[in-house]
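So for the sequence shown, UniProt numbering puts the first residue at 1; every next one is plus one. All C-beta atoms in this analysis are idealised placements derived from N, C-alpha and C, irrespective of residue type, glycine included. Keep in mind that this is a model prediction, so the values were computed, not measured.
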Amino acid sequence: MFTDYPLNARLALGLEKLSLEAPTEVQQAVLPLALAGKDIQVCAETGSGKTLAYLLPVMQGLLDRDAPNSATRALIMCPTRELATQVTKVCQHFCDLTTLSVGQLCGGEEFQYQAALLRKNPELIIATPGRLVDHLKRGTCDLGDLEYLILDEADRMLDMGFAEDMDIIRRACNNERQTMLLSATLRHEGVGRIAANLLKNPEEITTHTIQEQHGLITQQRILADDNAHKDRLIAWLLAHETYEKALIFVNKRTEVERLSEFVRRHRNGVAMLHGEMTQDERKYVMQTLREGKRNILVATDVAARGLDVEGMDLVINYDLARKGDEYVHRIGRTGRAGKSGLAISLISPYEWNLKAAIESYIQVVMEARKIEGLVAVYKGPKKLKASGKAASVGKRKPKTKAAPSGRDGKPARTGPRPSRPAVAGSRPAAGSRAAEGNRPAAVGSRPSTRKSNVTDGEGFAPLHRKKPTE
Numbered sequence: 001m002f003t004d005y006p007l008n009a010r011l012a013l014g015l016e017k018l019s020l021e022a023p024t025e026v027q028q029a030v031l032p033l034a035l036a037g038k039d040i041q042v043c044a045e046t047g048s049g050k051t052l053a054y055l056l057p058v059m060q061g062l063l064d065r066d067a068p069n070s071a072t073r074a075l076i077m078c079p080t081r082e083l084a085t086q087v088t089k090v091c092q093h094f095c096d097l098t099t100l101s102v103g104q105l106c107g108g109e110e111f112q113y114q115a116a117l118l119r120k121n122p123e124l125i126i127a128t129p130g131r132l133v134d135h136l137k138r139g140t141c142d143l144g145d146l147e148y149l150i151l152d153e154a155d156r157m158l159d160m161g162f163a164e165d166m167d168i169i170r171r172a173c174n175n176e177r178q179t180m181l182l183s184a185t186l187r188h189e190g191v192g193r194i195a196a197n198l199l200k201n202p203e204e205i206t207t208h209t210i211q212e213q214h215g216l217i218t219q220q221r222i223l224a225d226d227n228a229h230k231d232r233l234i235a236w237l238l239a240h241e242t243y244e245k246a247l248i249f250v251n252k253r254t255e256v257e258r259l260s261e262f263v264r265r266h267r268n269g270v271a272m273l274h275g276e277m278t279q280d281e282r283k284y285v286m287q288t289l290r291e292g293k294r295n296i297l298v299a300t301d302v303a304a305r306g307l308d309v310e311g312m313d314l315v316i317n318y319d320l321a322r323k324g325d326e327y328v329h330r331i332g333r334t335g336r337a338g339k340s341g342l343a344i345s346l347i348s349p350y351e352w353n354l355k356a357a358i359e360s361y362i363q364v365v366m367e368a369r370k371i372e373g374l375v376a377v378y379k380g381p382k383k384l385k386a387s388g389k390a391a392s393v394g395k396r397k398p399k400t401k402a403a404p405s406g407r408d409g410k411p412a413r414t415g416p417r418p419s420r421p422a423v424a425g426s427r428p429a430a431g432s433r434a435a436e437g438n439r440p441a442a443v444g445s446r447p448s449t450r451k452s453n454v455t456d457g458e459g460f461a462p463l464h465r466k467k468p469t470e
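As structure tokens, then:
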């Protein structure tokens, strides 16, 4: 129970208002260590309660120690605006019950407004790396008094190319701080380097391995011939599956716009989400989903993390995720908080090997499924390797044709015959230069300057009559 931990009465009231009594597994593991001031590296599945696992001890520490003349005391870094907004919402709930204040720094919002917010010295800042670096370079943000640094979804920040920005932020932070690094996956090659630079003698917590996660999610795959076939499958699934809200993932922004327009012709309540949308547009989309005004979302991987919408019980991978970690985060949008979910992946011929790699990574074989009337012509590879990937078929060398033989068994001559010396008085052979002189000139060809022995006329020399004998 949360009452077993030394939490401020105001924080306990906030938990009561959220109807939360017992901590989740990851919260039980993190809270004692975090409250003791330890650096922590956490790997836990999506929807397991990681946000409260680090937020409660951070806010408890801020309430225990009064520092009225300090600048920002706690920094929570998130890879996307959606995750930052989600964390800010939870944090604001507790701030409203205490004397603490929180500010959010994300791209797509007015810089001057954020600078004015920072001048008020909020105790907690929740930011995306790019925008925070902008403020550090302009001198509008001071991290010299920082007491807590939290990296939520650290592997995703590395995937998005924020490694250099994270280094700049690390150097700007106070060295005497408590640091926590959290993610659903920590196998990214750069996470170890970042952890070594940021954490001091960290406690490592893994509630579930990547293979043990998402036990409540049924994972299926349906073979598809091409995108046109996938479109028909999407229309059928949205019409026949039972769901409160559905999320369709694609890999490209242009495909989000095309597919969302296609789905609108068949279903109502369709929204789209991608990284090129403005912050106001993205906020509006999330609000309509949470309020139930929209129940189908077509999105890129920007929605794979930080999207916590109640009732999201169907996830469809129109395009298969490019990496196993991203697949894990995608299907993690459903099956949250002990509820069951369904994840369906549409597999085209060129995605088979990627599917096999993901299955090997999560050690789960997707359940094969066919839809009557929409069965693909593609049946999968004819031969498989032990890994489940398609066995490559070597190209056969073209057979060399035997040279045709002559009358005496010797190879027949295939090239042009060598020209023979002309015999005096013989008629020129067809194809010889003499014969070519009798052919009409090709249209557009340059007139020949070679002198001809043939006189004008029909192509024959004039006749020489014999003199009459006397």
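Secondary structure note for Asn227: its alpha helix (DSSP H) is the uninterrupted segment 227-240.
Between the stretch 135-142 and the stretch 94-104, the count of Cβ pairs shorter than 8 Å is below three; the stretches do not touch. With a beta-carbon spacing of about 6 Å, Met166 and Pro129 fall inside the 8 Å limit used to define contacts. Membership of Gln41 in the beta strand (DSSP E) is indicated by the continuous run 40-43. Shown here for Gly37: same chain residues with a beta carbon closer than 6 Å to its own, the five before and five after excluded, namely Gln178 in chain order. DSSP places Ala74 inside the beta strand (DSSP E), whose first and last residues are 74-77.
Under the three-state reduction of DSSP, Thr179 is assigned to strand. In this structure, the alpha-carbon of Leu117 lies about 7 Å from that of Gly103. Within the UniProt domain "Helicase C-terminal" (232-385), the complete beta strand (DSSP E) runs of at least 3 residues fall at 245-249, 270-273, 296-299, 312-317, 341-347.
When C-beta atoms of the stretch 19-26 are compared with those of the stretch 65-73, fewer than three pairs fall below 8 Å, so the two segments do not count as touching.
Counting every other CB atom within 10 Å of its CB across the protein chains shown gives Tyr350 a total below 16, marking it as exposed. The beta carbon of Gly341 sits closer than 6 Å to those of Ile217, Asp313, Thr334, Gly335, all from its chain and outside the five residues before and after it, given in chain order. Per DSSP, the continuous beta strand (DSSP E) segment holding Leu151 begins and ends at 148-152. Within the same chain, Cβ atoms closer than 7 Å to the Cβ of Gly14 are found at His93, Phe94, Leu97, the five residues on either side in sequence being excluded. Judged by DSSP secondary structure, Gly61 falls outside any beta strand (DSSP E) and instead within the alpha helix (DSSP H) spanning 50-64. By the criterion of a C-beta distance shorter than 6 Å, Ile234 is surrounded by no residue of its chain, once the five residues flanking it on both sides are discounted. DSSP, read as helix, strand or coil, puts Thr140 in coil.
Beyond the five residues adjoining it in sequence on each side, Val298 comes within less than 6 Å, by CB distance, of Ile248, Val256, Leu259, Ser260, Met272 in the same chain, given in chain order. If you draw a straight line from the Cα of Leu136 to the Cα of Asn268, it is about 44 Å long.
For the options Asn295, His240, His274, the alpha carbon positioned closest to that of Thr80 is the one of His274. Membership of Ala127 in any alpha helix (DSSP H) is not indicated; the residue belongs instead to the beta strand (DSSP E) covering 124-127. Val26 and Gly332 have their alpha carbons spaced roughly 16 Å apart. Of all alpha-carbon atoms in Ala154, Ser183, Asn197, the one lying nearest the alpha-carbon of Arg170 is that of Asn197. The C-beta distance from Trp236 to Ile347 rounds to 16 Å, too long to meet the 8 Å contact threshold.
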